[in-house]
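Respectively, the protein sequence lines represent chains A and B.
Per the working numbering, the first sequence starts with residue 1, numbered consecutively.
Per the working numbering, the second sequence starts with residue 1001, numbered consecutively.
Every residue, glycine too, gets a C-beta built ideally from N, C-alpha and C.
Okay, so here's the structure we're looking at.
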Amino acid sequence: MRIRPTGVAGVAAALTCALALAGCGGSDKNPSSNPSAGEKADAAKSELVIWADDKRSAALKPFAEKFGSENGVAVKVQAISKDQQTTFVTASQQGSGPDVMVGAHDWIGNLVQNGAIDPVQLAAEQTSGLNPNALKAVTFNGQTYGVPYAMENLALIRNTDLAPEAPKTIEALVSQAKALKAAKKVTETLCLQVGQNGDAYHLYPLYSSAGGYLFGQGANGDYDPKDLGVGKPESVAAFKKIATLGEKGSGALKRSITPENSIATFTGKKCAFLVSGPWAITDVKKANIKYDISPVPGFDGGQPARPFLGVQSFYVASKGKNKALAQEFVTNYVTTPDLAVALYQAEPRPPALTAAFDQVKGADADLAKFIDAGKDGRPLPAIPEMAAIWDPFGKAEASVVGGADPDKTITAAGKTISAAIK
Amino acid sequence: MTATKLGGPEIQARPAPGPGKSPKSVTGALIKALLLGLTIAIAIWAAFPLIDNEAWIGLAILIATTAGLLHLYLTPRHIPLKYLAPGTILLILFQVFPVLYTASTAFTNFGDGHRGSKQEAIVAIQTASVTQVPGSQQYALTVATTGDPATGPLVFLVTDPVTKQVSAGDADGLKQVDATVNSAGRVTAADGYTILTTGQASLRSAEITDLAVPTAGGAIRSSGLSRAYEGRAGRAYDEGCDCIRDTTTGQAWTADETAGAFVDGNGERLAEGWKVGVGFSNFTRVLTDPAIAGPFLRTLVWNFAFAIASTGGTFVLGLLLALAMHSPRVRARTAYRVLLVLPYAMPSFAMLLVWRDMFNTDFGLINNLLGLDVDWFGGSASARLAVILVQLWLGYPYMFLVATGALQAIPRELSEAARIDGASAWGGFRRITLPLLMVALTPLLISSFAFNFNNFNAIYLTTEGAPFPADNPANGATDLLITYTYRIAFGGGGAQYGYAAAISIFIFLIVALVSAISFRRTRHLEEVHA
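See below:
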């Protein structure tokens, strides 16, 4: 997904790191693990350690074990449930990190500046099997830094019982929702999470449709940290449009819709429209709602609403103890469809591997719809400077949605961001 | 204080037990053996990573400490030290060491982009710059050796994808060899070479990653264990100029030891930097950064208000309830006490998140229940009130518990005597009970104040500092110094541990000053009433 401002666990990680760097943390040098019996004695010493979040590590396990038994090595999959990126960087630095890390592509900039991951060298036939957008996302400074396996982007999910037609513009959506509200069928116009401190990721489609941008893109599509769009006249104009959707405007955007309640409000049938990603589908299905997926609508007469494209990827850790094996696993094994299909089954996101996508799309119509919703999307910037965006941009969003003056607010946010980038 | 008063003479009075003739119990000896065994076990466990990381100073300290402890507890002398040693060690480990470590970090630029050593940065820059030679192809790779699989010299057997011709490569270059290849192009047998299995090869992972077979255009490197590519390092470190040089354009980034980064003529730096000492610049930055120095006073005032209101509010509430429960006329006191302590039993982490949702304007329980339409976290005053209310709820059970305990320690005769002397209930409480309570509770109040002064979770998990003024997304109305500085150190531009450490030293100084003043006042209190 995206970099969230490092939470409380970040502090804990920092403390752990403080102790560990000074030689206080005992590193687990001889973990005992034997996934399959009957391995050679020397193979027990050669081990591949993979870190992933809870869901993915469960899906990975059988494949990792298969890889291990085919190659006579031990493979250990460890679930890291919180703050994967911080944990990974800290552990790498102190020499207790994994060989392979599974994570979002927008970590790349930070991981590279901390020397935590190595580039991978894919053969031409391997790169041609991957979705070009996904491959583009894991490319940083001209190097491929990971093997992408799944993609995600925002889309408009709507309750087809309440709203049979997909709105073409955000204005059409608001008027559709107003009618539903008047008929007492829903209480909320749009479930798009804002929260007390805003949410840049979820706002971006509307922001881009209104003409705003975060970082300029060079001719080759790379983001340019020198060209910051926040605080520029385009961004002010964009937020003036967004303000019309805010609490003092049509009320489509509200701070009371938070990351915690937006999906639940939709599944509770209190709103007909939800802006979310593939991760919401599991809940929507569980709630037995008839739904359809369409692109996030933009402003009438504006640019297309561009969601961010996120890519889940496998990385080779620079400081891993078994880099050759890690490269082997990531470049030659992750690029096979079986694994991608299994990971898809663990969580329904469109696979980045074209062969795997073709294999599962027949049984799951949502995948093609999500891909379609992301066709105008832009890769989530992976440059380290992006870390400076989330917090000030989100807060500016919350202020404007709450009724603050867009000009003053966005100019201030732009100043804060450029001060952080320097 | 009691330890020195009572313990002193007692220890002197006790005869030093001679070895072997003391009437010690068997259990005592067993426990002692067990604890000492445990100490040795922990020392051995801690020694391995130290040896692995070649942290010899750490190892020396470890050995000295363990030897010292064994000497201390195996000889009959140094009895006062026997009592002091465990506490001292814990103090050093959990208090002195982290403080010293934080202080030393504050003088560095440790953080994202500056985590490792210069050598690590150079390695990272060079590794990241290796790209496939344009127009070159990928080879099928088989790792082999001319000697023993575990130790013999490594050879890359690479198969040309078109001609299926196999070449053997090592640090000297490529030479053609005869070999049998399978359909995937990998070598299954070759004269004079032992093919390594994946398991064997992965044991020598580091050597395989490091091996580069020189070619005309670059070098053949492994991409995993079954494929190889011809790559070229785009950037290389040049010791002569202490700089990184681009091998094609010749552009140079010179090492800047004060910034801990490679910088080119235009001031552009490479992303990978290293950790260097920066002197007092983190400290001066705290004082001169307009983003911190500007709203500092406002935040400090609110921070004090929050800590005082949280501590004082919970104290008053807890004390009132404790007094009520102390009265013998209240029935079912145990049941009430259990109910009152409930918030204390809940994990505060989860409760803070629940409270945050309860304050939601549209969906929150509080507005819905009371029929209000208050934008709780949207206005400064309401957000501040909300976080204090949450702290009251979370904190009063603790005060209730300690006040109950302290009340029970005060003899009832005292207040009865006061009554007989003609004091009213309030007068007796104010002149007798409360002062006695305060002697016991003031240190707790001070520590509670210090805790609330830095109560990160209380703010971060509820408002995250909101509401923010429209023109300043860095400093919110409910921000404490700790949440505010956390955002500045970790929010934008990645983690900056050095800077964060400098800020926490400032916060530490403020809390230390407040505590010192308070303790001084407490001592007066004790002198008056004890």
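(message) For histidine 1114 of chain B, list the residues DSSP reports as bridge partners.
(response) B:Gly1111
(request) Tell me, please, whether the CB atom of serine 1183 of chain B is closer than 7 Å to any CB atom in chain A? (result) no
(message) Counting only C-beta atoms, is glutamate 328 of chain A closer than 7 Å to chain B at any point?
(response) yes
(message) Quick check: what's the CA-CA separation for serine 262 of chain A versus tyrosine 213 of chain A?
(response) 25 Å
(request) Express the C-alpha separation of alanine 219 of chain A and arginine 130 of chain A in angstroms, rounding to a whole number. (result) Strictly speaking, residue 130 of chain A in this sequence is leucine, with arginine absent from that position. So the alpha carbons of these two residues sit roughly 22 Å apart.
(request) Would you please verify whether the beta carbon of leucine 1203 of chain B is less than 7 Å from any beta carbon of chain A? (result) yes
(request) May I ask which residues mark the beginning and end of the beta strand (DSSP E) holding isoleucine 1244 of chain B? (result) 1243–1246
(message) To the nearest angstrom, how far is the alpha carbon of methionine 1346 of chain B from that of phenylalanine 1304 of chain B?
(response) 26 Å
(message) Any beta carbon from chain A within less than 7 Å of asparagine 1368 of chain B's own beta carbon?
(response) no
(message) Counting only Cβ-Cβ distances shorter than 7 Å, please list the residues of the region 361–389 of chain A near chain B, keeping chain order.
(response) Pro384, Ala387 and Ala388
(request) Can you have a look at isoleucine 421 of chain A and say buried or exposed, based on whether 16 or more other CB atoms are within 10 angstroms of its CB? (result) buried
(request) Leaving aside the five residues before and after valine 1263 of chain B along the sequence, list all residues of the same chain whose C-beta is less than 7 Å from its C-beta, in chain order. (result) Trp1253, Thr1254, Asp1256 and Arg1269
(message) Quick check: the Cα distance between phenylalanine 343 of chain A and leucine 60 of chain A, rounded to an integer number of angstroms?
(response) For the sequence presented, residue 343 of chain A should be read as leucine rather than phenylalanine. Computed Cα separation, rounded: 7 Å.
(request) Following the continuous beta strand (DSSP E) through isoleucine 293 of chain A, name the residue where it begins and the one where it ends. (result) 291–294
(request) Could you tell me which of A:Ile293, A:Ile289, A:Glu347 and A:Asn110 sits nearest to threonine 267 of chain A, measuring between CA atoms? (result) A:Ile289
(request) Pick helix, strand or coil for glycine 1277 of chain B, following the three-state DSSP scheme. (result) strand
(message) Under 7 Å, Cβ to Cβ, is there at least one residue of chain A near alanine 1466 of chain B?
(response) yes
(message) Using the Cβ count rule (16 or more neighbours within 10 Å means buried), how would you classify lysine 375 of chain A?
(response) exposed
(message) Below 8 Å on C-beta distance, what does glutamine 1165 of chain B contact in chain A?
(response) Residues of chain A passing the Cβ test: none, with the nearest at roughly 18 Å.
(request) Compute the Euclidean distance between the alpha carbons of glutamine 1126 of chain B and serine 235 of chain A, then round it to the nearest angstrom. (result) 38 Å
(request) Note down, in chain order, every chain B residue with its Cβ under 7 Å from the Cβ of aspartate 83 of chain A. (result) Under the 7 Å cutoff, chain B gives no residues; its nearest Cβ is about 11 Å from aspartate 83 of chain A.
(request) Compile a chain-ordered list of the residues in the region 310–324 of chain A whose CB is closer than 8 Å to at least one CB of chain B. (result) Ser318, Lys321, Asn322, Lys323 and Ala324
(request) Could you tell me the boundaries of the alpha helix (DSSP H) in which methionine 101 of chain A lies? (result) Premise fails: methionine 101 of chain A lies in the beta strand (DSSP E), 100–104, not in any alpha helix (DSSP H).
(request) Kindly list, in the order they appear in chain A, the residues whose Cβ is closer than 7 Å to that of asparagine 1472 of chain B. (result) Ala412
(message) Within 7 Å of any Cβ in chain B, is that where the Cβ of lysine 395 of chain A sits?
(response) yes
(message) Taking the alpha helix (DSSP H) that alanine 412 of chain A belongs to, which residues open and close that run?
(response) 406–421
(message) Assuming glutamine 1391 of chain B is part of the alpha helix (DSSP H), what are its boundary residues?
(response) 1380–1409
(message) When you compare the CB of glycine 1111 of chain B with every CB in chain A, is at least one pair closer than 7 Å?
(response) no
(request) Could you list the residues in the region 1229–1255 of chain B with a C-beta less than 9 Å from some C-beta on chain A, going in chain order? (result) Tyr1229, Gly1231 and Gly1234
(request) Give me the Cα-Cα distance between phenylalanine 1508 of chain B and tyrosine 1486 of chain B, rounded to the nearest whole angstrom. (result) 14 Å
(message) Taking the beta carbon of leucine 1513 of chain B as the centre, do at least 16 other beta carbons fall within 10 Å, making it buried, or is it exposed?
(response) exposed
(request) May I ask you to report which of helix, strand or coil DSSP gives alanine 1046 of chain B? (result) helix
(request) Could you tell me if serine 399 of chain A is buried or exposed, where buried requires 16 or more neighbouring beta carbons within 10 angstroms of its beta carbon? (result) buried
(request) Using only the heavy atoms of the ligand SAH, determine whether one of them is closer than 6 Å to the beta carbon of glycine 377 of chain A. (result) Of ligands this structure carries none, so the ligand SAH is not represented either.
(message) Is there a C-beta anywhere in chain A that falls below 7 Å from the one on serine 1281 of chain B?
(response) no
(request) Under 7 Å Cβ to Cβ from leucine 1466 of chain B, same chain only, skipping five residues before and after it: list those, please. (result) Note on identity: in this sequence residue 1466 of chain B is alanine, with leucine being the wrong assignment. Cβ within range, chain order: Phe1377, Ala1383, Gly1476 and Thr1478.
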